[in-house]
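The sequence shown lines up with residues 13 to 279 when you count with my numbering.
Think of the CB as a built atom: it goes at the ideal place given N, C-alpha and C, for glycine as much as any other residue.
No experiment lies behind these values; they were computed from the predicted model shown.
Data first, discussion second: the structure below is written as structure tokens.
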Amino acid sequence: MKILIFVLMNCMPGFSQEKEQRIVSLMPSYTEIIFELGAGSRLAGISNFCNYPQGTAGIEKIGDYFTPNIEKIYSMRPDIVFAGKWKNSKAVSALKNLGINLVEISEERKIEDIFATIRIIGKNTGSEKRAGILVSGMKKELGKIKKSSKKTAKSVYAEIDRGYWTCGKNSFISDVIKKAGGKNVFSGVNMPYFQASWEDVIKAKPEIVVLINSEKEEFLKRPLAEKIPAVKSGKIITGIDKDVISRPGPRIISVIKQLKKEFDGKN
Numbered sequence: 013m014k015i016l017i018f019v020l021m022n023c024m025p026g027f028s029q030e031k032e033q034r035i036v037s038l039m040p041s042y043t044e045i046i047f048e049l050g051a052g053s054r055l056a057g058i059s060n061f062c063n064y065p066q067g068t069a070g071i072e073k074i075g076d077y078f079t080p081n082i083e084k085i086y087s088m089r090p091d092i093v094f095a096g097k098w099k100n101s102k103a104v105s106a107l108k109n110l111g112i113n114l115v116e117i118s119e120e121r122k123i124e125d126i127f128a129t130i131r132i133i134g135k136n137t138g139s140e141k142r143a144g145i146l147v148s149g150m151k152k153e154l155g156k157i158k159k160s161s162k163k164t165a166k167s168v169y170a171e172i173d174r175g176y177w178t179c180g181k182n183s184f185i186s187d188v189i190k191k192a193g194g195k196n197v198f199s200g201v202n203m204p205y206f207q208a209s210w211e212d213v214i215k216a217k218p219e220i221v222v223l224i225n226s227e228k229e230e231f232l233k234r235p236l237a238e239k240i241p242a243v244k245s246g247k248i249i250t251g252i253d254k255d256v257i258s259r260p261g262p263r264i265i266s267v268i269k270q271l272k273k274e275f276d277g278k279n
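What follows is the structure, given as structure tokens:
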């Protein structure tokens, strides 16, 4: 009789011998990917910066991704923690020392790296099929964008933040610009992100300026701004969602499409 009850309970909808996987995500992009793969309900903890999609609102926050609350994460008894592969990260070392199952993901430096991240997360959440479908869909959209791109790329200066913070060669944002049909004026700088000087920007003579977290009015008031080709032609782009363009996740395709329209003068 006991055996019969056990069998019946196992056949009942919603009954499982295995507890649901508990996940902690230390990066907003990982969180977005996890939700996109249908595993958002398994998130026990996320970083303070994880604000998309709406489902993140009710999930416990564990601090920022550089200095997360280690004790809080440990108390959650996670089955897996997704973290960036940061050099000399004390947080990562502490989590490892506690015996927590940690999946470290390398920094994405081009769009193809985002595909790799999606597949890694898919593999570790049992969502490999959905990850494959997501990547295939993103690649298909990129293919469409590439087919309609102009042969000659215009030079682009992307100001990520105030103080002339911009992107260099090893940044996925630089690759976003390239995929949208532009050429980063600082693509020769062998750093993902760095602080340029205003003189460097003027000398670069960008044909297009993308302001992600800076004001257009302030930009135009800078000394000798009128010498920049983008200012002369009025090709200063604003209105790009800073969260979307700064996160190497599924939504990055929408930014590439938006920038391409702007670069091509279709907006």
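{"Query": "In this structure, what does DSSP give as the bridge partners for GLN66?", "Result": "Partner(s): none; GLN66 has no beta bridge."}
{"Query": "Pull up the distance between the alpha-carbon of LEU154 and that of ALA128, whole angstroms please.", "Result": "16 Å"}
{"Query": "To which residues does DSSP link THR178 through a beta bridge?", "Result": "PHE206"}
{"Query": "Less than 7 Å between the C-beta atoms of GLY57 and GLU72, yes or no?", "Result": "yes"}
{"Query": "Start and end of the beta strand (DSSP E) containing TYR77?", "Result": "Run containing TYR77: none; DSSP gives neither H nor E here."}
{"Query": "From VAL188, PHE198, ASN202 and PHE206, pick the residue whose C-alpha is nearest to that of ARG174; which is it?", "Result": "PHE206"}
{"Query": "Can you check whether the CB of GLY144 is closer than 7 Å to the CB of LEU49?", "Result": "no"}
{"Query": "For GLU219 versus LYS278, is the C-beta spacing smaller than 7 Å?", "Result": "no"}
{"Query": "Taking Cβ positions, are VAL201 and ALA216 nearer each other than 7 Å?", "Result": "no"}
{"Query": "With ILE46 and THR137 assumed to form a contact (beta carbons below 8 Å), what rounded beta-carbon distance in angstroms separates them?", "Result": "7 Å"}
{"Query": "Just the Cα atoms here: how many angstroms apart are SER199 and ILE224?", "Result": "18 Å"}
{"Query": "If we require 4 or more residues per run, which alpha helix (DSSP H) segments fall completely within the segment 81–108?", "Result": "82–87"}
{"Query": "Where do the N-terminal and C-terminal ends of the alpha helix (DSSP H) with ALA143 fall, by residue?", "Result": "140–159"}
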